[in-house]
Structure formats: structure tokens, C-alpha cells
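Q: Take a look at this one; I'll ask things after.
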Amino acid sequence: MKLKVLYFAALSERLGTRGEDLDVPPAVTTVAGLRTLLMGRGGAWESALAQGKALRVAVNQEIALPATPVKSGDEVAFFPPVTGG
Amino acid sequence: MPVRIQTQDFDAGAEIAALRRNRPEVGAIASFIGVCRDANDGTAVTKMTLEHYPGMTERALENIVAEAKSRWNVMEVLVVHRVGELKPIDQIVLVVVTGAHRGEAFSACEFIMDYLKTRAPFWKKEETPQGTRWVEARSSDDEAAQRWSPPKADVA
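Residue numbers (the numbering used here), protein chains in the order written: chain A, 5 to 89; chain B, 600 to 755.
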């Protein structure tokens with residue numbers, strides 16, 4: 005399953021990337037599953053995406069929850085709580 | 600377009616004039632302008648950079664405007680938000696709401712800012728004498744947004 009994954013602001017700096025095209029195994033079906041997969045890379049990925057970190061996720065540009073499903077072709081974004089205005 | 604993201608500055612007077620041109624039914628105009636301060640959390644700020652999520656930002660702001668229009672009897676809404684590098688004194692955000700009477704225009708304007716602060720994907724990075732830092736989200740902003748009853752989409 006192919007996903008476009010984006011990272012923003014402090015999170016993208018910590019991870020050293022703004023995004024990537026990912027081919028994920030079919031076992032990954034939700035936002036939570038994708039987060040666990042990315043944490044499995046270890047290092048900054050494991051610490052920056054750890055549970056308990058203030059993190060927001062959007063699927064196809066709509067705010068999502070851990071249980072939100074992801075499917076092939078989706079755009080998934082991880083980012084810190086917003087600070088505009 | 601009721602929502603604009605741009606790097607360049609804006610002229611609030613010109614924006615308001617355009618919004619109410621040939622609209623004799625408008626009796627009230629409420630506006631808010633957020634500007635860049637020279638200090639935050641006790642530290643001097645010399646410059647800030649505003650990052651956003653292109654596409655989602657516009658969509659989030661359009662949803663907030665639609666939600667405000669469904670809650671209050673207002674006419675036109677304009678939101679202009681700048682991104683990129685800003686310095687103290689620079690303008691950051693403009694919200695303008697027109698309506699027949701002030702009460703609904705004030706409420707809609709405040710609601711839009713409270714929701715923008717907690718739902719629109721913008722992030723501020725500050726330059727200080729001690730180096731650069733990302734601004735942390737404030738719990739007071741969450742509390743301000745929670746004063747308004749949740750939209751139907753959040754309740755479901």
C-alpha cells in the first residue's frame with residue numbers, strides 16, 4: 005500500500021525530513037498502525053513519535069484520530085499542535 | 600475567496616472597503632488583526648517564521664468560516680493569514696466579519712480566531728538572542744476554543 009507521509013514544523017526538523025512516499029505492509033490499516041511502523045525505525049523516529057508526545061495527525065488534510073483508517077493513495081501528515089494566529 | 604494565505608502584507612482598510620462595497624445591508628463590521636510582538640514568554644523575539652501545511656490550511660480555514668456562518672447571522676467573512684518571515688510590528692492575521700448588527704459580527708470574529716488558533720495548521724518559529732525555538736501550543740488557546748460548543752462534526 006502506497007502512502008504519502010508528511011512531517012511539519014518541529015517534528016520535521018527532529019526527523020530530518022519533510023515527507024516521503026512510503027510503501028507500507030498491508031497489516032498497517034490505521035493512523036496508529038502507521039505511527040508504530042515509523043517508530044520501529046528507532047532513534048529520532050522512536051522518540052519523536054512516542055506515545056504521550058503532543059502530536060496531531062491528518063489524513064487527506066482532515067484531522068484524524070489513532071483509529072482513523074488509512075488506505076492506498078492517502079496523504080498522512082504528522083505535526084505538533086498548531087500555533088498560528 | 601474568503602480565505603487567503605500570503606507572504607505579503609495586507610491593508611485592513613482596503614480589505615474592509617472591498618468586503619462592504621455595494622452592500623448597503625451591512626450595518627456592522629467586526630475585525631481582528633494579530634501582529635508580531637517583540638517578546639514571548641519573557642524572551643526577546645527578533646524574527647519569526649510561520650510555516651503552514653499548504654492545502655490543509657485553506658481547507659481548515661474554509662471549514663471554520665463555514666462553521667461561523669452556520670452559527671451566526673453574518674454576511675461576509677474574510678481571513679488573511681501571512682506565512683514566511685515576519686518581524687516585530689509586522690501584521691500576521693486579519694479576520695473581518697460583516698453583518699447587519701454588531702453582536703453576531705463580534706461573536707463570529709472571536710470564534711474564528713479561537714478556532715484558527717487551535718485548528719488551522721500554522722506553526723511559529725521564533726528567533727531570540729538565545730537561538731531559535733518553536734512556539735509551544737498554549738492550553739489557554741484550547742480553553743478559549745472550548746468555550747464554544749463543539750461543531751456537529753466533533754460530536755459524532
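Positions of the beta carbon are idealized from the N, C-alpha and C atoms, including for glycine. None of these values were measured; they are calculated from a predicted model.
#1: Quick one: what's got a C-beta closer than 6 Å to L693 of chain B's C-beta in the same chain, skipping five residues either side?
#2: If you follow the beta strand (DSSP E) that W733 of chain B is in, where does it begin and where does it stop?
#3: Going by DSSP in three states, S76 of chain A sits in which element: helix, strand or coil?
#4: Please decide whether A755 of chain B counts as near chain A, where near means a Cβ-Cβ distance under 7 Å.
#5: If we count Cβ pairs, one from each stretch, closer than 8 Å, do we get three or more for the segment 14-27 of chain A versus the segment 76-84 of chain A?
#6: Measure from the C-beta of F82 of chain A to each C-beta in chain B and report whether the shortest distance is under 7 Å.
#7: Using a Cβ cut-off of 8 Å, which residues of the segment 696-726 of chain B contact any Cβ in chain A, in chain order?
#8: Answer yes or no: does any C-beta atom of chain B fall closer than 7 Å to that of V32 of chain A?
#9: Less than 7 Å separating the beta-carbons of L53 of chain A and L42 of chain A?
#10: Determine whether the Cβ of P73 of chain A lies closer than 7 Å to any Cβ atom of chain B.
#11: So that I know if they touch, is there some Cβ in chain B lying closer than 7 Å to that of P85 of chain A?
#12: Verify the CB distance criterion: does V734 of chain B have a CB-CB separation below 7 Å to chain A?
#13: Which runs of the beta strand (DSSP E) spanning at least 3 residues fall entirely within the segment 681-712 of chain B, listed in chain order?
#14: Taking 8 Å as the threshold, find out whether the segment 705-714 of chain B comes into contact with the segment 643-654 of chain B through three or more Cβ pairs.
#15: Helix or strand or just coil, what does DSSP make of E650 of chain B?
#16: If we count the other Cβ atoms within 10 Å of its Cβ and call it buried at 16 or more, is L69 of chain A buried or exposed?
#17: Any idea which residues DSSP pairs T21 of chain A with across the strands?
A: Working from what's here:
#1: Position 94 of the second sequence, counted from the start, is the residue given in the question as residue 693 of chain B. Closer than 6 Å at the Cβ level, and outside the excluded window around L693 of chain B, lie F609, A611, I632 and V679.
#2: The residue labelled residue 733 of chain B in the question sits at position 134 within the second sequence. That run of the beta strand (DSSP E) goes G730 to W733.
#3: Residue numbering aside, residue 76 of chain A sits at position 72 when the first sequence is read from its first letter. Residue state, collapsed to three classes: coil.
#4: Reading the second sequence from its first residue, position 156 is the one you call residue 755 of chain B. Because A755 of chain B carries a pLDDT of 46, less than 50, the predicted location of this residue cannot be relied on, and no value is offered for it.
#5: yes
#6: Along the first sequence, read from residue 1 onward, the residue named residue 82 of chain A stands at position 78. Chain B, which has no Cβ nearer than 7 Å to the Cβ of F82 of chain A, makes this no.
#7: M712, L715, K716, T717, R718, A719, P720, F721, W722, K723 and K724
#8: Residue numbering aside, residue 32 of chain A sits at position 28 when the first sequence is read from its first letter. It does not; no Cβ of chain B falls within 7 Å.
#9: In the first sequence, residue 53 of chain A corresponds to position 49, counting from 1. In the first sequence, residue 42 of chain A corresponds to position 38, counting from 1. Cβ distance < 7 Å, so L53 of chain A and L42 of chain A count as in contact.
#10: Along the first sequence, one-based indexing puts residue 73 of chain A at 69. For P73 of chain A, the answer is no, since every Cβ of chain B falls outside 7 Å of its Cβ.
#11: Here residue 85 of chain A corresponds to residue number 81 of the first sequence, with the count starting at 1. At least one chain B Cβ lies under 7 Å of P85 of chain A.
#12: The residue given as residue 734 of chain B occupies position 135 in the second sequence. Yes, contact with chain A.
#13: 683-685 and 690-698
#14: no
#15: Position 51 of the second sequence, counted from the first residue, corresponds to residue 650 of chain B. E650 of chain B falls in the strand class under three-state DSSP.
#16: Your numbering for residue 69 of chain A matches position 65 in the first sequence. Per the 10 Å Cβ criterion, exposed.
#17: Indexing the first sequence from 1 puts residue 21 of chain A at position 17. The partner list for T21 of chain A (beta bridge, DSSP) is empty, contrary to what the question assumes.
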